[in-house]
Amino acid sequence: MMLPAILAFGLPYNTLVVAAGVAAVGGAAGVVGGLSVLRGRALSGDAAAHATLVGVAGALLATGQRSLAVLLAGGLVAAVAAVGLLVLIRRFTRTRDDAATATVLSVSFGLGIVLISGMVARGVPGSAGLERFLLGHTAALTASDALLLGLVSAAAIACVAIGLKEATMVAFDPAFAAAAGWPAAAIDMVLVALVAVMVVVGLPAAGAVLVTALVVIPPVAARQWTDRIVPLLAIAGVIGVVSGLAGVVISSLAPRLPTGPVVVLLAAGWLAVSLVVAPSRGLIARWRARRGPRPDAPSLVSGRDG
Amino acid sequence: MHGWAVATAAVVAAGCATVGTLLVVRRLSLLGDAISHAVLPGIVVAVLLGARPGDPAVLGGATVAALVTVGLTRLVHRQGGVAEDASVGVAFTTLFAIGVLLVTVSGSRIDLDPGCILYGILELVPFDTVAVLGVELPRAFLSAAGVLLVVSLGLWLTWRWQVFTAFDAAAARAAGVPTAAVTVGLLVGVSLATVAGFEAVGAILVVAMLVVPAAAAELLVHRLQWVLLLAVCLAVGAAVGGYLAAWRFDTSAAGMMAVVLGLEYAVAVLVAPQEGLLARGSARLAYAWRVRCEDRLAALWRAEESATPAAASGHLVARLALRWLRLQGRVEATSDGYRLLARGRREAEQVVRSHRLWEAWLGRHAELPVDHLHPPAEWIEHHLGARLRQRIEQDLGRDAVDPHGSRIPPERG
Chain A
1 MMLPAILAFG
11 LPYNTLVVAA
21 GVAAVGGAAG
31 VVGGLSVLRG
41 RALSGDAAAH
51 ATLVGVAGAL
61 LATGQRSLAV
71 LLAGGLVAAV
81 AAVGLLVLIR
91 RFTRTRDDAA
101 TATVLSVSFG
111 LGIVLISGMV
121 ARGVPGSAGL
131 ERFLLGHTAA
141 LTASDALLLG
151 LVSAAAIACV
161 AIGLKEATMV
171 AFDPAFAAAA
181 GWPAAAIDMV
191 LVALVAVMVV
201 VGLPAAGAVL
211 VTALVVIPPV
221 AARQWTDRIV
231 PLLAIAGVIG
241 VVSGLAGVVI
251 SSLAPRLPTG
261 PVVVLLAAGW
271 LAVSLVVAPS
281 RGLIARWRAR
291 RGPRPDAPSL
301 VSGRDG
Chain B
1001 MHGWAVATAA
1011 VVAAGCATVG
1021 TLLVVRRLSL
1031 LGDAISHAVL
1041 PGIVVAVLLG
1051 ARPGDPAVLG
1061 GATVAALVTV
1071 GLTRLVHRQG
1081 GVAEDASVGV
1091 AFTTLFAIGV
1101 LLVTVSGSRI
1111 DLDPGCILYG
1121 ILELVPFDTV
1131 AVLGVELPRA
1141 FLSAAGVLLV
1151 VSLGLWLTWR
1161 WQVFTAFDAA
1171 AARAAGVPTA
1181 AVTVGLLVGV
1191 SLATVAGFEA
1201 VGAILVVAML
1211 VVPAAAAELL
1221 VHRLQWVLLL
1231 AVCLAVGAAV
1241 GGYLAAWRFD
1251 TSAAGMMAVV
1261 LGLEYAVAVL
1271 VAPQEGLLAR
1281 GSARLAYAWR
1291 VRCEDRLAAL
1301 WRAEESATPA
1311 AASGHLVARL
1321 ALRWLRLQGR
1331 VEATSDGYRL
1341 LARGRREAEQ
1351 VVRSHRLWEA
1361 WLGRHAELPV
1371 DHLHPPAEWI
1381 EHHLGARLRQ
1391 RIEQDLGRDA
1401 VDPHGSRIPP
1411 ERG
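Residue numbers (the working numbering), protein chains in the order written: chain A, 1 to 306; chain B, 1001 to 1413.
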């Protein structure tokens, strides 16, 4: 259904492969993000996301290579360092969580900008292309890049599938999970690490500034449709896949457009639709519920016992 | 040339730090983050409708966008049934994406590019001037100064309400403070400060200017007005220092200001009185050192009591502690080790007294086996004061011995 539509645009093979890779990233980000949103850590990835810029620039500076794998590895190191810094600030200062997140986020982004601007000013080869990590630009990806993104995403989904029971437990009641003898702190850290990984592989698609949306918006949209965790993760994954796929296609048709905003707005569109039409939570359903009970609904006050 | 750019950055920094202080103490830092991203579509729409950057219409558009962010956050939070931070994440990414898209699509009609949205074009500030009373002044400086004036005035007029709402919103509401209006006023202030900073230093640096100075100042001082003053000073310092550093190293001024702010925060974490890492570390070190010294004194005292020679060796810290005690005239070196001097003996006796009193008291009142009495006593011997020792002694009776049968030394002044 989707495939003929894409072929109809006459897109080259490379774009199709990249679209598939980014779709996998979107799906995995939705699934991983679902758990992190339920855990109440929706924005923990944001600080990591902004920090990736430092790692990407640092990797280029250190190795002189600009292959995606090297740059993303640098980004991952920086993302993990940012999360670690947040933990340290929480532990050793009385700065509150929100201020700590905003501090790490803005300062690490500033450092990234300093590195990139400095490298551009000195004409370091390859540094000009780093700007695509700000807002995402999939047009520059190659098929092997896309394969890398797809493989990492598949691994992330596999991790969630293996540890779903544990992650659910920790997401809903960390105190109980710890009391029941689960390694709650370790599971939490794995979850944070997965979010960091997804934020990093989401970089080429959405960019450092907007990649948070990949892990936040699909789960929030999925939340409107279900109260159960497996369907929630599945729906979030599907929304991520479709947004990623369509985002790449649209941005390959309009190469000046950064991919990030397109992907984000597609996901946000899903959310808007969900907020209106979802059964039982949606605006329409609520409006109808307020109009009066449905005719076939059992009535508590009528006194009939059926 | 550089002067105007630095002055603009400093004025922007002062305005952001002023409203940012209230955001931080109200735990709304992430809302500041969200607003600073989300004003973009407001600015772009205003410019598309014909306003020139820096016009009041742009400020208006941005303020509307900021309020839309807050409204959208509330809507997703309430209607969508998700946590507040998730709804903040939804709102600001969506609005920022709309803004970037509008900028890209409208192309040459707007002289903004996605890069300068994020990290500003401070370097160009001095070139865009307007004549005021015959003097050419940079437009960005004028609008930043105007915003600083408005924000400070607003804060000065509503200070008591702001503080009351920040620290106890429920009590403020009960006391008749229009808390909703106070909050909206604060958010309008934030969006004004954000817009003033947006063009010059970019979205992300605005976040840094809003949050980091206040977060650092909060570690250093405790009273809100001092936090505010210090935050403004730190922000202005970072603006000037960051600009100079960026000029020196030939890189982005806005990014460098954020880095300088980060350094200021790191220094604050280190040197904060009481809670700072240095203060806490040195207090810990001083405590550990005192414990070591007292342990050495007590060991010498016990050796004297049992008439066995005290082992002069021991690990490095113990040897250092003995040296220190000798320097202080508490012990003296002998041919086969160390010997207590009068002053050291008096102190050692009080440590041993605390230890044995505690063992005796625990032995009487807690149902612990005898071999479990030593560890707690070994710890508390460094903490008991004379009054507590006397009360324990009264409880035990005059001629008590400790559970191992050792004499409890008397209190010495």
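Glycine included, C-beta positions come from ideal geometry on N, C-alpha and C. Only a predicted model underlies this, so the values are computations on that prediction, with no experimental measurement involved.
Against chain A, a Cβ distance below 9 Å from Tyr1338 (chain B) picks out nothing, because the smallest value is about 39 Å. For Val1177 (chain B), no beta strand (DSSP E) run applies, since DSSP gives it neither H nor E.
Contacts between Gln65 (chain A) and chain B, judged by CB atoms closer than 7 Å, are missing: the closest CB pair is about 22 Å apart. Excluding its 5 nearest sequence neighbours in each direction, Ala285 (chain A) has C-beta neighbours in its own chain below 6 Å: Pro279, listed in chain order. Note: Pro1138 (chain B) is bridge-paired with B:Thr1129 in the DSSP secondary-structure output.
In summary, no residue of the stretch 1158 to 1177 of chain B has a CB separated from any CB of chain A by less than 8 Å.
Nearest C-alpha to Gln65 (chain A) among A:Leu16, A:Trp225, A:Ala78 and A:Ser127: A:Ser127. Within the stretch 82 to 134 of chain A, the complete alpha helix (DSSP H) runs of at least 4 residues fall at 97 to 121. Not a single CB atom of chain A sits nearer than 8 Å to the CB of Arg1248 (chain B). Close CB contacts of Arg1173 (chain B) within its chain, under the 6 Å cut and outside five residues either way in sequence, are with Thr1179 (chain order).
With its beta carbon less than 8 Å from one in chain B, Val264 (chain A) belongs to the interface.
Closer than 8 Å to the CB of Gly1080 (chain B) there is at least one CB belonging to chain A. Judged by their CB atoms, Thr138 (chain A) and Thr259 (chain A) are nearer to each other than the 8 Å cut-off. For Ala81 (chain A), no Cβ of chain B is located within less than 8 Å of the residue's own Cβ.
Buried is the label assigned to Asp1085 (chain B), since at least 16 other Cβ atoms lie within 10 Å of its Cβ. Around the beta-carbon of Gln224 (chain A), 16 or more other beta-carbon atoms lie within 10 Å, marking it buried. Look at the stretch 1017 to 1036 of chain B: the residues with a C-beta under 8 Å from a C-beta of chain A are Val1024, Arg1027, Leu1028, Ser1029, Leu1030, Gly1032 and Asp1033.
When the beta-carbon positions are compared, Thr1094 (chain B) and Ala268 (chain A) come within less than 8 Å of each other. Excluding five sequence positions before and after Trp1161 (chain B), the CB atoms of its chain that fall closer than 6 Å to its own CB belong to Val1177 and Val1182, given in chain order.
For Leu85 (chain A), no CB of chain B lies under 8 Å from its own CB, so it is not counted at the interface with that chain. Beta-bridge analysis with DSSP links Glu1332 (chain B) to B:Arg1339. In this structure, Leu1230 (chain B) lies near Val1221 (chain B), with their beta-carbon atoms less than 8 Å apart. The closest CA to that of Val1195 (chain B), considering only B:Ser1036, B:Val1025, B:Pro1375 and B:His1315, is found on B:Ser1036.
Under the DSSP assignment, Trp182 (chain A) falls outside any alpha helix (DSSP H); it carries neither an H nor an E label. Using a Cβ-Cβ cut-off of 7 Å, Thr1251 (chain B) is close to Val114, Ser117, Gly118 and Ala121 of chain A, given in chain order. For Gly1262 (chain B), the C-beta contacts it makes with chain A under 9 Å involve Thr103, Val104, Ser106, Val107, Ser108, Gly110 and Leu111, in order along the chain. Secondary structure at Arg291 (chain A): helix, using DSSP grouped into helix, strand and coil. When the five nearest sequence neighbours on each side are left out, the beta carbons in the same chain lying within less than 6 Å of the beta carbon of Ile1392 (chain B) are those of Leu1357 and Trp1361, in order along the chain.
Annotation: Leu1263 (chain B) to Gly110 (chain A) spans about 12 Å, alpha carbon to alpha carbon. Under the DSSP assignment, Glu1393 (chain B) falls in the alpha helix (DSSP H) whose first and last residues are Ala1386 to Leu1396. Rounded to whole angstroms, the Cβ separation of Gly1032 (chain B) and Gly1020 (chain B) is 6 Å, and the two are in contact under 8 Å.
DSSP, reduced to helix, strand and coil, places Arg1407 (chain B) within a strand of the structure shown. In terms of Cβ geometry, Ala1214 (chain B) and Val1227 (chain B) form a close pair [threshold 8 Å]. Spanning the alpha carbons of Leu164 (chain A) and Ala236 (chain A) requires a straight line of approximately 15 Å. For Pro1369 (chain B), there is no enclosing alpha helix (DSSP H), since its DSSP letter is neither H nor E.
By the Cβ-count criterion, Thr63 (chain A) is exposed, with fewer than 16 other Cβ atoms from all chains shown falling within 10 Å of its own Cβ.
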